[in-house]
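Colleague: Note that the UniProt record's numbering has the sequence shown beginning at 26, numbered continuously upward.
Built from N, CA and C at the ideal position, the CB exists for glycine as well.
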Amino acid sequence: VHVLDADFFRRWLTAAAVCVDREAGRLTELDSAIGDADHGSNLQRGFAAVTAVLEKEAPQTPGAVLTLAGRQLISTVGGASGPLYGTLLRRTGKALGEDAEVTPGRFAEALRAGVAAVAQLGGAKAGDKTMLDALEPAVAALGDTTASFAAASEAAERGALATVPMQARKGRASYLGERSIGHQDPGATSSALLITTLAEVSS
Ligand code: ADP
Ligand code: MG
Ligand code: MG
């Protein structure tokens with residue numbers, strides 16, 4: 026793929042819903058170690074709702090697909106991850122404007138704006154053991170071609186693994202203090218799944 030249209034983003038998010046379904050048990054298990062054991066079910070509910078609304082409303086531009094999906098996540102996911110992922114998609118969608126097709130480079134730039142909005146909303150930074158530890162290296166690896174999506178996926182996976190020795194400084198896991206060390210962050214893990222799915226649908 027060299028240009029990305031509404032159908033590409035719809036396929037990304039519906040594939041992400043399938044992946045979240047498949048990995049929900051693992052995400053919830055990670056959240057049971059340092060959180061409240063709901064990350065898998067939160068995202069399952071949210072992404073199922075995203076799939077349904079995209080089918081029902083059939084938005085026609087990349088920007089509209091992402092903003093609609095983001096709104097849906099915010100309204101259906103009760104946990105911290107709902108507003109955070111919702112903001113990621115909404116802000117990315119807004120940055121894409123109303124064009125019917127966007128280049129990978131333009132999407133990379135938009136996703137960087139989305140990740141910056143997540144950092145602003147949650148007040149977290151790299152090293153705080155959150156989804157940002159996967160998202161920030163991923164968007165740093167994104168470039169002007171869809172080939173860079175594979176590099177972003179590897180960077181996100183490495184970023185998620187790198188949360189294991191970190192102490193959580195944001196979100197529920199931060200209540201555990203040093204006891205949060207030694208566990209992989211659930212949100213960084215789900216972020217890596219989302220970016221890996223992006224690479225898969227673009228290849
Ligand atoms: P909750 O913690 O409300 O139950 P989830 O379990 O769905 O929500 O999501 C937890 C994940 O959300 C964490 O693993 C972390 O990656 C992410 N998270 C929590 N707080 C923040 C924050 N302030 N900034 C960025 N990500 C965060
Ligand atoms: Mg939780
Ligand atoms: Mg919760």
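Which residues in the same chain have their Cβ closer than 8 Å to the Cβ of residue 112, if we skip the five residues on either side of it in sequence?
Modeller: Mapped onto the sequence shown, residue 112 falls at position 87. These residues qualify, in order along the chain: 95, 99, 139, 142, 143, 146.
Colleague: Among 48, 36, 28, 39, which residue has its Cα nearest to the Cα of residue 212?
Modeller: Within the sequence shown, numbered from 1, the residue matching residue 212 stands at position 187. The shortest C-alpha separation from residue 212 is found at 48.
Colleague: Starting from the C-beta of residue 39, find all residues in its chain whose C-beta is less than 6 Å away, skip the five residues before and the five after it, and write them out in chain order.
Modeller: The count along the sequence shown starts at 1 and reaches residue 39 at position 14. Excluding positions up to five away in sequence, the list reads 76.
Colleague: If we count Cβ pairs, one from each stretch, closer than 8 Å, do we get three or more for the segment 55-64 versus the segment 78-88?
Modeller: With the cut-off at 8 Å, the segment 55-64 and the segment 78-88 do not touch.
Colleague: Are the segment 121-129 and the segment 175-184 touching by the rule of at least three beta carbon pairs closer than 8 Å?
Modeller: No, they do not touch.
Colleague: Nearest-angstrom Cα distance between residue 217 and residue 45?
Modeller: In the sequence shown, residue 217 corresponds to position 192, counting from 1. In the sequence shown, residue 45 corresponds to position 20, counting from 1. Taking the straight line from one Cα to the other gives about 11 Å.
Colleague: Could you pull the DSSP bridge partners for residue 127 from this structure?
Modeller: Translated into positions along the sequence shown, residue 127 becomes position 102. In DSSP, residue 127 forms a bridge with 29.
Colleague: Look up residue 205 in the DSSP assignment and say whether it is helix, strand or coil.
Modeller: Along the sequence shown, one-based indexing puts residue 205 at 180. Note: residue 205 maps to helix in three-state DSSP.
Colleague: Using the Cα positions of residue 166 and residue 173, report the straight-line distance between them to the nearest angstrom.
Modeller: Reading the sequence shown from its first residue, position 141 is the one you call residue 166. Reading the sequence shown from its first residue, position 148 is the one you call residue 173. Their Cα atoms are separated by approximately 7 Å.
Colleague: When you compare the CB positions of residue 189 and residue 207, do they come within less than 8 Å of one another, or not?
Modeller: As a first step, residue 189 is located in the sequence shown; it is residue number 164 there, counting from the start. As a first step, residue 207 is located in the sequence shown; it is residue number 182 there, counting from the start. Yes, the pair counts as a contact, with Cβ atoms nearer than the cut-off.
Colleague: Determine the contact status of residue 117 and residue 157, defining contact as a CB-CB distance below 8 Å.
Modeller: In the sequence shown, the residue the question calls residue 117 occupies position 92. In the sequence shown, the residue the question calls residue 157 occupies position 132. For residue 117 and residue 157, no; Cβs fall outside 8 Å.
Colleague: Would you report the Cα separation of residue 131 and residue 70, rounded to the nearest angstrom?
Modeller: On the sequence shown, residue 131 is found 106 positions in, with the first residue counted as 1. On the sequence shown, residue 70 is found 45 positions in, with the first residue counted as 1. Those two C-alpha atoms are separated by around 30 Å.
Colleague: Of the choices 198, 101, 55, whose alpha-carbon is the least far from that of residue 263?
Modeller: One cannot answer for residue 263 here, as it falls past the ends of the chain, which runs 26 to 228.
Colleague: Can you give me the C-alpha to C-alpha distance between residue 204 and residue 192, rounded to a whole angstrom?
Modeller: Locating residue 204 in the sequence shown gives position 179, counting from the first residue. Locating residue 192 in the sequence shown gives position 167, counting from the first residue. Whole-angstrom Cα-Cα distance: 8 Å.
Colleague: Label residue 56 either buried or exposed according to how many other C-beta atoms from any shown protein chain fall within 10 Å of its C-beta, with 16 as the threshold for buried.
Modeller: Taking the first residue of the sequence shown as 1, we reach residue 56 at position 31. Counting Cβ neighbours within 10 Å, residue 56 comes out buried, since at least 16 surround it.
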